[in-house]
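Novice:
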Amino acid sequence: MKDHLHTSEDQLNLPEEFSRRSFLKLAGFTFAGGVLAGCQQSNLEKAIPHLIKPEELVPGVPLWYASTCAGCSAGCGVLVKTRDGRPIKLEGNPEHPISRGGLCAVGQASLLGLYDSQRLGAPLAHGKESTWEQVDAAIKAELEGIRKRNGAVRFLTGTITSPTTNELVRRFLSTFKDARHVVYDPVSSSALLDAHERTHGVRALPQFRLEKATTIVSLNADFLGTWLSPVEFTKAYRQGRSLQGTPPVFSYHTQFESRLSITGSNADERVSVSPVELAHVASRLLSLLTERAGRRLPVAVPLLDERLERCTTECVERLWRTKGKSLVVCGVNDVAIQVVVNAINEVLGNYGSTIDLNRSSYQAQGNDTDLAKLLDEIRSGNVSALFVDGVNPFYDLPGAQELAAACETIPLPVSFGERNDETAEHMHYVLPQPHELERWNDSEAIAGIVSLTQPTIQPLRPARPLMETISIWMGTKESAYNLIRAEWERSIFKRQTREQSFTQFWNKTLHDGFAIVEPKRQAVSSFNPAAVAESLRQLSTQSLQQKLFVELHASSTILDGRHAHNAWLQELPDPVTKIVWDNVASLSRKRAESLNLHEGDVVRLNREGGRVIELPIHIQQGHQDDVISVSLGYGRKGTDRFHHVNPKWLQAKPTVEKGGTVGTNAAPLLEWKGKTLSYFVSGIEVERTGTNRQIAVTQEYDFLTNPNLLGESSGEKRNIIQQASLATFVANPSAGSFPKPPLDSLWPEEHTYPGHRWGMVIDLTACTGCSACVISCQVENNIPVVGKDEVARNRELQWLRIDRYYEEEGETLRVAHQPMLCQHCGNAPCETVCPVLATVHNSEGLNQQVYNRCVGTRYCANNCPYKVRHFNWFQYPRGDEIARMVLNPDVTVRDRGVMEKCTFCVQRIQLAKIEAKNEGRALRDGDVKSACQQSCPADAIIFGDVNDPNSEVSRKMKDPRTYRVLEELGVRPSIGYMTLVRNSDGIAVAEGGMKNG
Amino acid sequence: MAEILSTLRPPLVLGNKSYADITDDVCSALERKSSTGWWTSFIIAVGVLILGAISVGYQLVTGVGVWGLNNTVGWAFDITNFVFWIGIGHAGTLISAILFLFRQRWRTSINRSAEAMTLFAVICAGIFPIIHTGRPWFAYWFIPYPNFRGPLWVNFRSPLVWDMFAIGCYLTISALFWYVGLLPDLATIRDRAKTMWRKKIFGFFSFGWDGSNRTWQRYEKLYLLLAGLATPLVVSVHTIVSWDFATSIIPGWHTTIFPPYFVAGAVFSGFAMVLMLMLIVRKVMNLEDYITLHHIENMTKVIIATSGMVGLAYITELFVAYYSGNPYERFAFINRALGPYGWAYWLMVTCNVVVPQFFWWKKIRRHVGMVFILSIFINVGMWFERFVIIMTSLTRDFLPGSWSGFTPTILDITTLLGSFGLFFTLFLLFARFLPMIAIGEVKGVAGVKRATPPGAVEKRKEVAHEPAPVG
Amino acid sequence: MKLLNNRMTTVVLLVAVVLTMSVFFTSFTSNMRLPDNHQGFEPVQPIAYSHRLHAGELGIDCLHCHGGAEQSRTAGIPPASTCMNCHQFVTASILSVREEDKLAAKESRPPRKIVSPDLQKLYRAVGLNEMGERDISLTAEGIEWIRVHSLPSFVYFNHSAHVNSGVACQTCHGNVETMERVRQVSDLSMGWCVNCHRDANANGINAKPVNASIDCDACHH
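Residue numbers (the working numbering), protein chains in the order written: chain A, 1 to 997; chain B, 998 to 1468; chain C, 1469 to 1689.
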């Protein structure tokens, strides 16, 4: 891969002729092919070649660029695949130290944002389109005035990991007497940093090393879902939970949480607790551990109820045994709890081993205290210039209305952004930002890991990156490229010793996409116990008596709402609830019954201060009874663009009403607890509205057992997911296996596979259900978005779905995620029934679907035991011309009336084979990576040639854990699944297991 | 030539008719102006047909998505209707071919319209396999024909291809059979025709039939041959249709009992439909003397028998499901009876097994009104039988993660209605322009008093048309 | 009357039979065109570029301009810059240049620069004036060639795979080096492709054994 990488520099001095126009022509030309699939060819097709072809560009051959993901601030490394000058796919950069080849759903889908024709095309002045010159002039003038009268200048941004931008902002602000850079995160981790300020004297976010931890205790931290840096954590988590070696190094993970998160669904033990209980559990853990350490706490900590007491004591037992190799993380934005958690880690001696404060992380820099201060200033009207970048305070903060009113008094409110969003509305000037794939940028997400972002396309919109704007305002008219280069030469180059000349260093970094340098030193003082006592006191005051909380959390697809314009993510089923195109109020069955509510009933959540939101309810397994959880990020302005993302027909319901929004904004419920934003909100009353709203889900039945139609006992369990506990696995590698059915046949083998035979193995132990593969597949294979109504009618089109099954044993809930895609059966039921030979077996074991031959009888889908075939019920809309530029020219765009399904990314197979042939060599293992495999953050999917005895997939196929779903049908699937192993044995058993392992 | 009258057997034609009377009774219906009754029913039928045509048109333009189908349920109303209509068709062939070979002479007065019904039912059925596809304009790919694709043939392993052949040949044979049967009567109408055009048209279609002995002999031979050809079709067609399901692997479909089960069901529903039509026809066209209670009774007896078979099939299914020990199979049938579509299952059982038992009572067998109502029930039941088979199996198959449901859209329903519209439109046209009763054959079985009717011309013509004893 | 009926019937039946038969047979024998078959398509191009001259007389290798054929799916249409490599010097046919020289000699004046009308089009396309000189007032247009060989977009044909396994350009494109204007020689039907693949598997390409896949998804994906 690496040596394929190109750099965008040569595009800097592109001849004028290679303008956006001529590029569009080219794009138009190449993609005409894509869309007309199946239609008649007009014999007057125009073909417009380049006038002067860029050196490295060969039409029809993809170019790869190493860059940095901007889906969130985690700073994962990506490889951008461009075809004929346009990016068509983002994939994980295997070399990148943070993401190590993984890329989450959000990151991959961020590609679509580039081709969004609703991005701002010109700067806005007082709501009207204007020119850069005018805007700059006006703002400069204003700034001069402010400078003279020493007005307060405030720069309000989200977490910025770009050292150059930060430096520029600093310099820019330094030209004013009274200027401050305020950073906040819409889903805040501020408390985590504040806590370290109190306990370690440095306000920093440590780097958590989950791979080093053998015991992980998470207090409501959804680190596999949306917390801080999910891909990094997933990679590490998996590394720490491998079944290789005897005894295997397999961490134990307990999750204390109030709602069912992705992380919780993967935990070995999951304890559902109310927010109050959570606080007490934290203190209890600390007190028990300090006792173990032979010390005493200054404050008495109350005992918990029997259930929690049991769980905590076991936790403590395990933690203590793995002192220094354990890790306790907490996702609650409450300084007190965070301080206690720090104390716990301190007692366990995890600092320096599983928690790294010297190589701290910059992935979340938000500071709620600063924010609160700024808001006060704004209210009291002492802010003369407000610059907003990367956040949307008028949407994602509580009390947006008052704030808006207060902002009227600001003489110079300016916002930078890609779209005309809620904040932009209240600004005098809106300066459009380019998409991350159109621009130069840099990032230092974790101290010492610096990476570059390079443009992979000529800008589609005349936007201007923040750093250029600032340099212009400061009178130095420098391009972003030069600014970054300069900054790197000045500061970053000095932090490394490997490369002698800067140019070498720069070129290498640009090629690799990243570089490792010395982290900035910061004065970490030793642990300060003073803070703890006071925090414990705070926590103990919270009474344990029952009351109703609302938990607000980031959406696992559109995060804090920054991706609400992204149709791919809107239609990506939530990994747990499987809901699309909506946010809901999730609650437990018990609570729902006590409130006499049914799935989809719309309720009104009232909070004092007249803050009200209306949401349909969703009954969720494993949900704590005293908590109603609501996802943030929905209800964004302008999401009514999806009004007719679904096909129009007689009984079609629009995905969102005209002028309406997708889902409801829950931010108004957010609550200031002192100087931090709290995501647990009490004092909520639930009120039924009497109406019911349809919730679109992709999975209607959630259990492995049949419904009890003949009374309680009759619910028979289906052999679909093999499960085993770690101890039993250690004792017997094929533990939990289903009985092997006799598969001998009277017939001679129908297919012989002389050359390759493609197969896949999916490790259910590794899979977290994060759904990165679903998006990866959708992007790679031109799968259209079908809209809420179609999904509600169970017509979603994603080729790869993740079945999520619940198992309830008493109070413990087991969750299993099973990626389900075409199994490419050796004995495929779909092939025999197709009347026109549109789906047939090929010589390499692929089950081919020939779209242009398909008549659409749907017989194949009926006869498919896995139900992985998807039908084009309509001509699904694919957006405007710009949006269609994202299409992969190597994959046919399907028309209405044809069946489609996973092809094992046959286009990649064909390409790899041709490349090998052209280079006169045999295909190597790993030459072909399916899209789903490439970016899986958990490396759960292995694809390759089963005929090659040394290929990883064929080795995995022989693994005793490997089985096939519905093997007894004799359809001979080409996909093997590996037993789901959980570290779920009681502590005694676990120990025993380890010994005899 | 005239039938030997038995004192034991009830006469097949009542109101001791002369040949002339028979001819008049049958033909006059076509010669007099059409009644308002006919017009009203015709207009209704055409109206419904147009409704159906519009919805199908809309579906062709928009996509199959306008039906309530989804990823899990690929077939619902469309294939249900298809199997239903094919089933209806069966009675006709059975009556005309098998009963003919078995010398069941009572068939003569109903076979004509039964065959017509077959034809129309098959036409209705034939539409669905085409319009249910996503790209009907490529439906011709089902046919193996020489092409420039390498060449690329059809998949002879696919039951849908077998269907195509089965239905194709069923349609052809029954059309031929029906038309050949019509020839002598067409000639009769030709000869009675007053207007020149009527003469020309019927003249053309009667293939210049002259009542000569030779013609009659040829006719009888051909008729016998066709009967022989048609007989296996009665069994084959629905057997093959049942293979659409039986050869699949979906629990509840993958069953060896389907062929006999489907054939029995087909005959069952077919006879019910014939009864419905006959009861209307004999009233409207006042043919009570030809389609007597005796006929009705016979048919109800066939219904009891076939209903028994169907009932047996239901029980066998359940037993086999239990006995197989296959968990998926078991659940499929538990779910069929108690799952979300349980109501449909019990409706089916009631209509197809319980209701027909009333026919054990002679009173009911001979009570026209009752027979009519019961036969409607049976038709409803048989439609639901197919619906239940398709729906319960598809909605709850192997992986619970992909389970789903089905709710019909408006267009599902209008399309179903439309097919009935088409059926009745065709039947009404037939009733209006062609002899409902095989004059020639009925004469063969009617006990006739040797009277010399007035009008020598008339008489001479009659003689020309006297049939040779059948067989 | 009856006789006439008999005749009519027989005639009608006969006609019907004959018609069906004839239709059936012509489908093989005659050279009927299927809708998507553009065999023999020979459009007039915006610039009358002569393959006969360049590839034939001057013997320039196909890959010199259509380099993509070696490395990519598409052979590609050369960028105007490729033409300019030569045509910034060669502005007209040698004959017309000689003419001018003679004329100039006669009129005893320096020979004027001669630019052939088609090259004028080229110069305009790249943003030069008719005489092929820079002119800032002009902008580049690009040349809208008309595509001759185009497969249905659900077919994926990869040039590099074929060129590198030794298939000559002429095998599919015919003797382009003899064509003044490019014409589609083959019918590009699926049968045509598949049979060539079958043949290649049987006899190899120039006696070199090859593995030409006849799986559907070799071309349809």
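Beta carbons: idealized from backbone N, C-alpha and C, even for Gly.
Hey, is Asn918 of chain A's beta-carbon within less than 8 Å of any beta-carbon in chain C?
Specialist: As a working note, residue 918 of chain A is residue 918 in the first sequence. By this cut-off, Asn918 of chain A is an interface position.
Novice: Just mark Gln1638 of chain C as buried or exposed, buried being the case when its beta carbon has 16 or more other beta carbons within 10 Å.
Specialist: If you number the third sequence from 1, residue 1638 of chain C lands on position 170. Counting Cβ neighbours within 10 Å, Gln1638 of chain C comes out exposed, since fewer than 16 surround it.
Novice: So, are the CB atoms of Leu1116 of chain B and Trp1175 of chain B less than 8 Å apart?
Specialist: Against the second sequence, residue 1116 of chain B aligns to sequence position 119. Against the second sequence, residue 1175 of chain B aligns to sequence position 178. Taking 8 Å as the Cβ cut-off, Leu1116 of chain B and Trp1175 of chain B qualify as a contacting pair.
Novice: Buried or exposed for Asn1643 of chain C, please, with buried defined as at least 16 other CB atoms from any protein chain shown within 10 angstroms of its CB.
Specialist: For the purposes of this step, residue 1643 of chain C is taken as residue 175 along the third sequence, with counting starting at 1. The residue is exposed, with fewer than 16 neighbouring Cβ atoms inside 10 Å.
Novice: What residues in its chain sit with their C-beta under 8 Å from that of Ala828 of chain A, if we drop five residues either side in the sequence?
Specialist: Along the first sequence, read from residue 1 onward, the residue named residue 828 of chain A stands at position 828. Result list for Ala828 of chain A: Thr839, His841, Asn847, Val971, in chain order.
Novice: Leaving out five residues before and five after Ser1540 of chain C in sequence, what residues of the same chain have Cβ atoms less than 7 Å from its Cβ?
Specialist: To locate residue 1540 of chain C, count along the third sequence from 1; it is residue 72. So the list reads His1627, Ser1628, once near-sequence residues are dropped.
Novice: Using a Cβ-Cβ cutoff of less than 7 Å, which residues in the same chain neighbour Leu1219 of chain B once the five nearest sequence positions on both sides are dropped?
Specialist: As a working mapping, residue 1219 of chain B is identified with position 222 in the second sequence. Closer than 7 Å at Cβ, skipping near neighbours: Val1177.
Novice: Can you give, in chain order, each stretch of the alpha helix (DSSP H) that sits fully within the segment 128 to 187 of chain A and has at least 4 residues?
Specialist: If we require 4 residues or more, the alpha helix (DSSP H) runs fully inside the segment 128 to 187 of chain A come out as 132 to 148, 163 to 174.
Novice: Does any residue of chain B have a CB that is nearer than 8 Å to the CB of Thr1477 of chain C?
Specialist: Walking along the third sequence from the start, residue 1477 of chain C turns up at place 9. Thr1477 of chain C counts as touching chain B.
Novice: At a CB distance below 7 Å, what residues from the segment 685 to 713 of chain A approach chain B? Give them in sequence order.
Specialist: Listed in sequence order: Gln699, Glu700, Tyr701, Phe703, Leu704, Asn706, Leu709, Leu710.
Novice: Taking C-beta pairs closer than 9 Å, name the residues in chain B that Phe871 of chain A reaches, listed in chain order.
Specialist: Position 871 of the first sequence holds residue 871 of chain A. In chain order: Val1061, Gly1062, Leu1066, Asn1067, Asn1068, Gly1071, Gly1131.
Novice: What whole-angstrom Cβ distance do Tyr395 of chain A and Asn665 of chain A have, given they're in contact under 8 Å?
Specialist: Counting from 1 along the first sequence, the entry for residue 395 of chain A is found at position 395. Counting from 1 along the first sequence, the entry for residue 665 of chain A is found at position 665. About 7 Å; that satisfies the 8 Å criterion.
Novice: For Thr676 of chain A, write down the residues that DSSP places opposite it in a beta bridge.
Specialist: Position 676 of the first sequence, counted from the start, is the residue given in the question as residue 676 of chain A. Note: Thr676 of chain A sits in a beta bridge opposite A:Lys673.
Novice: Check whether the segment 862 to 873 of chain A touches the segment 895 to 905 of chain A, taking contact to mean three or more Cβ pairs, one atom from each stretch, closer than 8 Å.
Specialist: Segments in contact, yes.
Novice: So which residues of chain B does Met1658 of chain C contact, with C-beta pairs closer than 8 Å?
Specialist: Within the third sequence, residue 1658 of chain C is the residue found at index 190, counting from 1. The answer, in chain order, is Phe1145, Arg1146, Gly1147, Leu1149.
Novice: Give me the residue from A:Ser543, A:Lys177, A:Met760, A:Leu597 with the minimum Cα distance to His618 of chain A.
Specialist: Against the first sequence, residue 618 of chain A aligns to sequence position 618. Measuring from the Cα of His618 of chain A, the nearest candidate turns out to be A:Leu597.
Novice: To the nearest angstrom, how far is the alpha carbon of Leu746 of chain A from that of Ile1545 of chain C?
Specialist: The sequence position of residue 746 of chain A within the first sequence is 746, counting from 1. The sequence position of residue 1545 of chain C within the third sequence is 77, counting from 1. C-alpha separation (whole angstroms): 56 Å.
Novice: By the criterion of Cβ-Cβ separation under 8 Å, what are the contact partners of Asn1663 of chain C in chain B?
Specialist: Residue mapping note: residue 1663 of chain C aligns to position 195 of the third sequence, counting from 1. Within 8 Å Cβ-Cβ: Gly1147.
Novice: Please report how far the alpha carbon of Trp132 of chain A lies from the alpha carbon of Pro432 of chain A, in whole angstroms.
Specialist: The sequence position of residue 132 of chain A within the first sequence is 132, counting from 1. The sequence position of residue 432 of chain A within the first sequence is 432, counting from 1. Cα to Cα, the separation comes out at about 10 Å.
Novice: Rounded to the nearest angstrom, what separates Leu1563 of chain C and Leu1571 of chain C at their Cα positions?
Specialist: For this step, residue 1563 of chain C is matched to residue 95 along the third sequence. For this step, residue 1571 of chain C is matched to residue 103 along the third sequence. Approximately 12 Å, taken between the alpha carbons.
Novice: On the premise that Ala195 of chain A lies in contact with Val1052 of chain A, defined as a C-beta separation below 8 Å, what is that separation, rounded to the nearest angstrom?
Specialist: Not covered by the structure: residue 1052 of chain A. The range shown for chain A is 1 to 997.
Novice: Could you check whether Val335 of chain A and Thr676 of chain A sit closer than 8 Å to each other, using their CB atoms as the reference points?
Specialist: Within the first sequence, the letter at position 676 stands for residue 676 of chain A. Within the first sequence, the letter at position 335 stands for residue 335 of chain A. Result yes, Cβ atoms of Thr676 of chain A and Val335 of chain A sit closer than 8 Å.
Novice: For Thr1406 of chain B, which residues in chain A fall below 7 Å Cβ to Cβ?
Specialist: Here residue 1406 of chain B refers to the residue found at position 409 when the second sequence is read from its first residue. By Cβ distance, chain A contributes Gln651.
Novice: I'd like the span of the alpha helix (DSSP H) that includes Asn507 of chain A, first residue to last.
Specialist: Numbered from its first residue, the first sequence carries residue 507 of chain A at position 507. Its alpha helix (DSSP H) spans residues 502 to 512.
Novice: Between which two residues does the beta strand (DSSP E) carrying His817 of chain A extend?
Specialist: Position 817 of the first sequence, counted from the start, is the residue given in the question as residue 817 of chain A. 812 to 820 is the span of the beta strand (DSSP E), which, as asked, contains His817 of chain A.
Novice: For the alpha helix (DSSP H) containing Ser67 of chain A, name the first residue and the last one.
Specialist: To locate residue 67 of chain A, count along the first sequence from 1; it is residue 67. Careful: Ser67 of chain A lies outside any alpha helix (DSSP H), inside the beta strand (DSSP E) at 63 to 68.
Novice: Along the chain, where does the beta strand (DSSP E) containing Pro97 of chain A start, and where does it finish?
Specialist: Within the first sequence, numbered from 1, the residue matching residue 97 of chain A stands at position 97. It is not in any beta strand (DSSP E) - Pro97 of chain A carries neither H nor E in the DSSP assignment.
Novice: DSSP three-state call for Lys1191 of chain B: helix, strand or coil?
Specialist: Within the second sequence, the letter at position 194 stands for residue 1191 of chain B. Lys1191 of chain B falls in the coil class under three-state DSSP.
Novice: Would you list the residues sitting across from Leu1596 of chain C in a DSSP beta bridge?
Specialist: Residue mapping note: residue 1596 of chain C aligns to position 128 of the third sequence, counting from 1. C:Arg1602.
Novice: Rounded to whole angstroms, what is the Cα-Cα separation between Pro865 of chain A and Trp1250 of chain B?
Specialist: Taking the first sequence and counting its residues from 1, the one referred to as residue 865 of chain A is at position 865. Taking the second sequence and counting its residues from 1, the one referred to as residue 1250 of chain B is at position 253. Their Cα atoms are separated by approximately 12 Å.
Novice: Can a CB atom of chain C be found closer than 8 Å to the CB of His50 of chain A?
Specialist: For the purposes of this step, residue 50 of chain A is identified with residue 50 of the first sequence, where counting begins at 1. Cβ-Cβ to chain C under 8 Å: yes for His50 of chain A.
Novice: For Arg607 of chain A versus Leu569 of chain A, is the C-beta distance shorter than 8 Å?
Specialist: Within the first sequence, the letter at position 607 stands for residue 607 of chain A. Within the first sequence, the letter at position 569 stands for residue 569 of chain A. No, the pair does not count as a contact, with Cβ atoms beyond the cut-off.
Novice: Find out if the Cβ-Cβ distance for the pair Ala849 of chain A, Lys929 of chain A is shorter than 8 Å.
Specialist: Within the first sequence, residue 849 of chain A is the residue found at index 849, counting from 1. Within the first sequence, residue 929 of chain A is the residue found at index 929, counting from 1. Residue identity check: residue 849 of chain A is Gln in the sequence provided, not Ala. Going by C-beta atoms, Gln849 of chain A is not nearer than 8 Å to Lys929 of chain A.
Novice: Since I believe Gly622 of chain A is in contact with Leu260 of chain A (beta carbons under 8 Å), could you give me their beta-carbon distance rounded to a whole number of angstroms?
Specialist: In the first sequence, residue 260 of chain A corresponds to position 260, counting from 1. In the first sequence, residue 622 of chain A corresponds to position 622, counting from 1. Yes, they are in contact, since the Cβ atoms of Leu260 of chain A and Gly622 of chain A sit about 4 Å apart, within 8 Å.
Novice: At 9 Å on the CB atoms, spell out the chain C contacts of Phe1201 of chain B, in chain order.
Specialist: Translated into the one-based positions of the second sequence, residue 1201 of chain B becomes position 204. Correct list: Asn1473, Met1476, Thr1477, Val1480.
Novice: Whose C-alpha, out of C:Asn1671, C:Thr1488, C:Ile1614, C:Arg1649, is nearest the C-alpha of His1519 of chain C?
Specialist: Sequence index remark: in the third sequence, residue 1519 of chain C carries index 51 (1-based). For the residues C:Asn1671, C:Thr1488, C:Ile1614, C:Arg1649, the minimum Cα distance to His1519 of chain C belongs to C:Arg1649.
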